[in-house]
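Each remark here refers to the structure printed beneath this line.
There are 2 protein chains.
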Amino acid sequence: MSVQERKQRERAERERLIVATARELAEQQGWDAVTTRRLAERIEYSQPVLYSHFRGKREIIGAVALEGAAELAAAVRDAASGADGPRERVAALARAYLDFAARNPAVYDALFQLDGGLAFAQEDTPEPLKDAFAALLESLGEVAGDGVHPGLFTETFWAALHGLATLTRAGRLPPEYVEPRVELLVDRLAVV
Amino acid sequence: MSVQERKQRERAERERLIVATARELAEQQGWDAVTTRRLAERIEYSQPVLYSHFRGKREIIGAVALEGAAELAAAVRDAASGADGPRERVAALARAYLDFAARNPAVYDALFQLDGGLAFAQEDTPEPLKDAFAALLESLGEVAGDGVHPGLFTETFWAALHGLATLTRAGRLPPEYVEPRVELLVDRLAVV
DNA sequence: TTGATTGTCTAGCAGTGCTAGGATCGAATC
DNA sequence: GATTCGATCCTAGCACTGCTAGACAATCAA
Numbered sequence: 115m116s117v118q119e120r121k122q123r124e125r126a127e128r129e130r131l132i133v134a135t136a137r138e139l140a141e142q143q144g145w146d147a148v149t150t151r152r153l154a155e156r157i158e159y160s161q162p163v164l165y166s167h168f169r170g171k172r173e174i175i176g177a178v179a180l181e182g183a184a185e186l187a188a189a190v191r192d193a194a195s196g197a198d199g200p201r202e203r204v205a206a207l208a209r210a211y212l213d214f215a216a217r218n219p220a221v222y223d224a225l226f227q228l229d230g231g232l233a234f235a236q237e238d239t240p241e242p243l244k245d246a247f248a249a250l251l252e253s254l255g256e257v258a259g260d261g262v263h264p265g266l267f268t269e270t271f272w273a274a275l276h277g278l279a280t281l282t283r284a285g286r287l288p289p290e291y292v293e294p295r296v297e298l299l300v301d302r303l304a305v306v
Numbered sequence: 115m116s117v118q119e120r121k122q123r124e125r126a127e128r129e130r131l132i133v134a135t136a137r138e139l140a141e142q143q144g145w146d147a148v149t150t151r152r153l154a155e156r157i158e159y160s161q162p163v164l165y166s167h168f169r170g171k172r173e174i175i176g177a178v179a180l181e182g183a184a185e186l187a188a189a190v191r192d193a194a195s196g197a198d199g200p201r202e203r204v205a206a207l208a209r210a211y212l213d214f215a216a217r218n219p220a221v222y223d224a225l226f227q228l229d230g231g232l233a234f235a236q237e238d239t240p241e242p243l244k245d246a247f248a249a250l251l252e253s254l255g256e257v258a259g260d261g262v263h264p265g266l267f268t269e270t271f272w273a274a275l276h277g278l279a280t281l282t283r284a285g286r287l288p289p290e291y292v293e294p295r296v297e298l299l300v301d302r303l304a305v306v
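Protein chains in written order, with our numbering: chain A, 115 to 306; chain B, 115 to 306.
In structure tokens, the structure reads:
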């Protein structure tokens, strides 16, 4: 059985290598540069090997997205836990979210811009995605205010952050003044 | 000179046909289906004709985007002008914006998701884009509140709308509860 | 009727995601 | 230790993409 186990380990290791390489390549040169050929060359295997791990390119994007979701959740929780009081907690969360999007544009794209074949807001939504939303809900739910559903509030606040993140990165919003926009969002939307 | 004029007219007409056909095809089957071959076939010309009007596919997307920007500006102004008081004006604007995005997903993608080769938030930004932002600013500037720059407020409110529009359409947010989200945004962000 | 200038098309390039089928290698059996 | 046999991997190729060079035909001025 040891031989089989070793093979399984090696296979899992290669799968991690594929995802990590795809992510690296995407961050370096954008997702357009992540072609199956280039990816295969980088991991030093032939193209068809990719298809023995994933159904196609879309599933590779999905794998990067799930990895990113876990990191985003961790970043958000970490920022929230280091802040005092609801108001500062929400502000720290917002900054951490936008910072993650700015520092990992390709991962953020995989999560929210590209089609990674993932189900959102459904029962069969992968756990990391649900957990990322949960991480937002933990800090945002407590500032929803009376009569406002915490989930609905979180969705709306999240949408605002997402809009700032994408429009800024796409050059639709001037990159300065990120901080005052965050202040505005937090001061007005959150009930502390 | 009349012959030249006729030719120029016919050429301009064909250019409109290209843009309209690209838009129609994109709304019907998504931008992925808008290939140069299919587009050429639909307008009953060969592929290279497209390149005598536009530098490439990206420029065609850009043309659709500009058309959409003008319509979006008109829709927003129309909704705002038919509402009484700042609060209702902002709410009507928000609904009109989200409605436009939902009814014209391909155009909205051309504007804000895809690369149409357009410059945003700069001096050489095309007029329709500037005007669309101006349309938002007209109604949103008056509810920015004391000490908040109207432009900055408009950017932030716009980002929130954009986030709601994209996340909803991509299936990241459940499509029901659009109205309460709008209410929340308007009630909290706008100072009336 | 020429000659030149437009305008348009056919054919092709390099690249894409993905896959069928054959070669190769290693583990288990005799 | 030789031999089967199944898993693993690669070569080669398909149909498609955006884009372009060069041939061809239609139109105009002389």
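Glycine is no exception: its CB is placed at the ideal position from the N, C-alpha and C atoms.
Leu-212(A) has its alpha-carbon roughly 14 Å from the corresponding atom of Gly-182(A). Secondary structure of Leu-228(B) (DSSP, three-state): coil. The beta-carbon of Val-178(A) is placed no less than 8 Å from the nearest beta-carbon of chain B. By the neighbour-count criterion, in which 16 or more other beta carbons inside 10 Å mark a residue as buried, Glu-124(B) falls on the exposed side. In this structure, DSSP gives Phe-234(B) a state outside helix and strand, which the three-state scheme calls coil. If you ignore the 5 residues before and after Glu-173(A), its C-beta comes within less than 8 Å of the C-beta of Gly-230, Gly-231, all in its own chain and listed in chain order.
For Arg-169(B), no CB of chain A lies under 8 Å from its own CB, so it is not counted at the interface with that chain. Distance between Gly-259(B) and Arg-201(B), taken at the CA atoms: about 12 Å. Interface residue (Cβ-Cβ distance to chain B less than 8 Å): Gly-199(A) is not classified as such.
The DSSP-derived three-state label of Ile-157(B) is coil.
The straight-line gap separating the alpha-carbon atoms of Arg-169(A) and Glu-141(A) is approximately 22 Å.
Any Cβ of chain A closer than 8 Å to the Cβ of Tyr-222(B) would place that residue at the interface, and such an atom is absent.
Interface flag for Leu-298(A) against chain B is set, since a Cβ pair is found closer than 8 Å.
CA-to-CA, the gap between Trp-145(A) and Asp-198(B) works out to about 47 Å. Under a criterion of Cβ atoms nearer than 7 Å, the residues of chain B adjacent to Val-262(A) are, in order, Leu-298.
Closer than 8 Å to the CB of Arg-302(B) there is at least one CB belonging to chain A. Nearest to Arg-286(B) by alpha-carbon distance, out of Val-257(A), Leu-228(A), Ala-249(A), Leu-303(A), is Leu-228(A). When Cβ-Cβ separations below 8 Å define contact, Phe-267(A) makes contact with chain B.
Under a criterion of Cβ atoms nearer than 9 Å, the residues of chain A adjacent to Gly-285(B) are, in order, Ala-233, Phe-234, Ala-235, Gln-236. For Gly-261(B), the number of other beta carbons within 10 angstroms of its own is below 16, and it is reported as exposed. When C-alpha distances from Thr-268(A) are compared across Ala-206(A), Leu-278(A), Ser-253(A), Gly-277(A), the shortest belongs to Ser-253(A). At least 8 Å separates the beta-carbon of Ala-194(B) from that of Leu-180(B).
For the pair Asp-223(A) and Glu-256(B), the Cα-to-Cα distance works out to about 34 Å. Against chain A, the beta carbon of Thr-270(B) has neighbours under 8 Å at Ala-274, Leu-278, Arg-295, Leu-298, Leu-299, listed in chain order. With a cut-off of 8 Å on Cβ pairs, the stretch 240 to 248 of chain B is not in contact with the stretch 290 to 297 of chain B, counting fewer than three such pairs. A Cβ of chain B is located within less than 8 Å of the beta carbon of Tyr-291(A).
Ala-304(B) and Trp-272(A) have their C-alpha atoms some 18 Å from each other. For the C-beta of Leu-281(A), the chain B residues within less than 7 Å are, from N- to C-terminus, Ala-273, His-276. With a threshold of 8 Å between beta carbons, Phe-226(B) makes contact with chain A.
Between Pro-162(B) and Leu-266(A), the C-beta spacing is not below 8 Å. DSSP, reduced to helix, strand and coil, places Thr-239(B) outside both helices and strands of the structure shown, so it counts as coil. In the structure shown, the three-state DSSP call for Asp-223(B) is helix. Contact between Gly-277(B) and Ala-274(A) is confirmed by a C-beta separation of about 5 Å, below the 8 Å threshold. Not flagged as an interface residue toward chain A: Pro-219(B), since no C-beta distance is shorter than 8 Å.
In summary, Lys-171(A) is buried, with 16 or more beta-carbon neighbours lying within 10 Å of its beta-carbon over all protein chains present.
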